[in-house]
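Q: Per the numbering used here, the sequence shown starts with residue 226, numbered consecutively.
Even glycine gets a Cβ: it sits at the ideal position worked out from N, Cα and C.
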Amino acid sequence: MLSPKIKTKKVQMFNKEGEFAAAMAAKKLNFSIFKNSLSLWIIGIFLLLILPFPDAASASAITPTNLIERTNQERDKYGLVKLEEDELLTKAALAKAKDILQQQKFSHNFSDKKFSQWIKDAGYQYSIVGENLAVNFTDSEPLFNAWLASPTHKKNILHKDYNEIGAAAVKGSWFGEETIIAVELFGAPAILMSPTASSEQSVPAPISGAIEANTYSAPAYFNASNLSEYYLNNTTAEKYLPVFSPAEKIKVNNIIKNKTAVLYYFLTAVKIMILYMSLMLAMVLIYFYAGYLTGFNKKLQLLCKP
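1. At the level of alpha carbons, what is the spacing between M505 and F513?
2. Could you check where the beta strand (DSSP E) with N297 kicks off and where it finishes?
3. Quick one: which unbroken alpha helix (DSSP H) runs of 4-plus residues sit fully inside the region 316-380? Chain order, please.
4. Are the Cβ atoms of I390 and E299 separated by less than 7 Å?
5. Looking at C-beta atoms only, is the number of pairs between the region 312-323 and the region 332-350 that lie closer than 8 Å three or more?
6. Helix, strand or coil for F400? Go by DSSP, reduced to three states.
7. Around the C-beta of S336, are 16 or more other C-beta atoms found within 10 angstroms, so that it is buried, or is it exposed?
8. Can you give the Cα-Cα distance for A359 and T404, rounded to whole angstroms?
9. Residues in the same chain with beta-carbon distance under 6 Å from L313, minus the five sequence neighbours each way, listed in chain order, please.
10. For N405, which three-state DSSP category applies?
11. Let's test the definition: count the other Cβ atoms within 10 Å of the Cβ of S365 and tell me whether it reaches 16, buried, or not, exposed.
12. Alpha carbon to alpha carbon, what distance is there between S503 and T519?
13. Under the three-state reduction of DSSP, which class applies to L308: helix, strand or coil?
14. Could you tell me the distance, in whole angstroms, from the CA atom of A430 to the CA atom of N334?
15. Just how far apart, CA to CA, sit I511 and F491?
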C-alpha cells in the first residue's frame, strides 16, 4: 500500500504530464492558427498586388471607341439618334490622321484636298458630312470637354441629321514631340436625287457650312472644326478654312480638369494605403504570435524542470 507522500508525488507527476500534454496541444493549435493567419495575409497581399483596380487610364485613353461612346452619350442627353460606326468613315478618319502626321499640317484642307476628299477616297457617298480634329491631348475626357466647350464642335456632335460616325486616334511625332491626332467624322448616307433635280441645287447649310453638290447625292453640307489643347482654330465654312501659321494660333486656357486622372490617382493612393495597412497588420500579427510562443516556451521549460 502506497504511502500518502508517494500518492501525492504520483498525482503531481500525473498533473504535470496532463498539463504538459494540454500545453503541447495548445501550442499545436496556436501554431496552426498562426500559420493559417499568416498564409491568408500573404495571399491577400499577393492578390492586392496582382489584381489592380479597374484601369481608369484605359477608360480615359484617347481611342476611337472612347470618342464614339462619349459622342453618343452626349447625343443621348438631347434625345438624338445614336450614331452607328461606319467602316468607310473610320477608314477616312484613319487616313486623314496619318496624313496630318506625315505632312505636319493640322488643318481640314491641305495638299490641294478638301477634308471631304478623304471621305470620298474611302468610298463613302454622303448627303452631309462633318469633321472634328484635335491634337496635343493625352486623355479623352478633357479632349471631349473641349469639343463641347466650342460651339462649332458641339454642333457637329449634336447635329440632328448625322446618323453615322467614324473616328481615329493615331500616335505620332508632331513637330518633334509625341502626340495623338484625333479625327472624328460625321455623316449621313447619300439620298438619291430625282432625274430632274439639279446637282448644283443650293440648300442652306444648317450650321453655316459651305454647300457643295455631290454628283451622287443631294447637295452635300460640310461642317468642320479642329481643336488643339494649345491652339484653337474654328470655322464651319469650308471655303474659308485657312492654314494657320504659328503666329495666328490662339492659346486656349486649360480650365478643364481631368476628372478621370484624379480618380485614377485617388484609387492608386487607396491601393497603396491598403497595402501599407496590410503589411503593418501582418507585422503586428507576427510580433504577437512570436511573443506568445516565446512566453509559452518559457512556461514549458519551467514545467519540464525536475
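A: So, to answer that:
1. 12 Å
2. Element bounds for N297: not the beta strand (DSSP E) but the alpha helix (DSSP H), 289-302.
3. 340-346, 365-374
4. no
5. yes
6. coil
7. exposed
8. 10 Å
9. A347, G348, Y349
10. In the sequence as displayed, the identity of residue 405 is Ile instead of Asn. Reduced to three states, the DSSP call for I405 is strand.
11. buried
12. 24 Å
13. coil
14. Unreliable positioning characterises A430 in this predicted model, as indicated by a pLDDT of 28, which lies under 50. The coordinate reading is nonetheless provided below. Roughly 19 Å separates the two Cα atoms.
15. 30 Å
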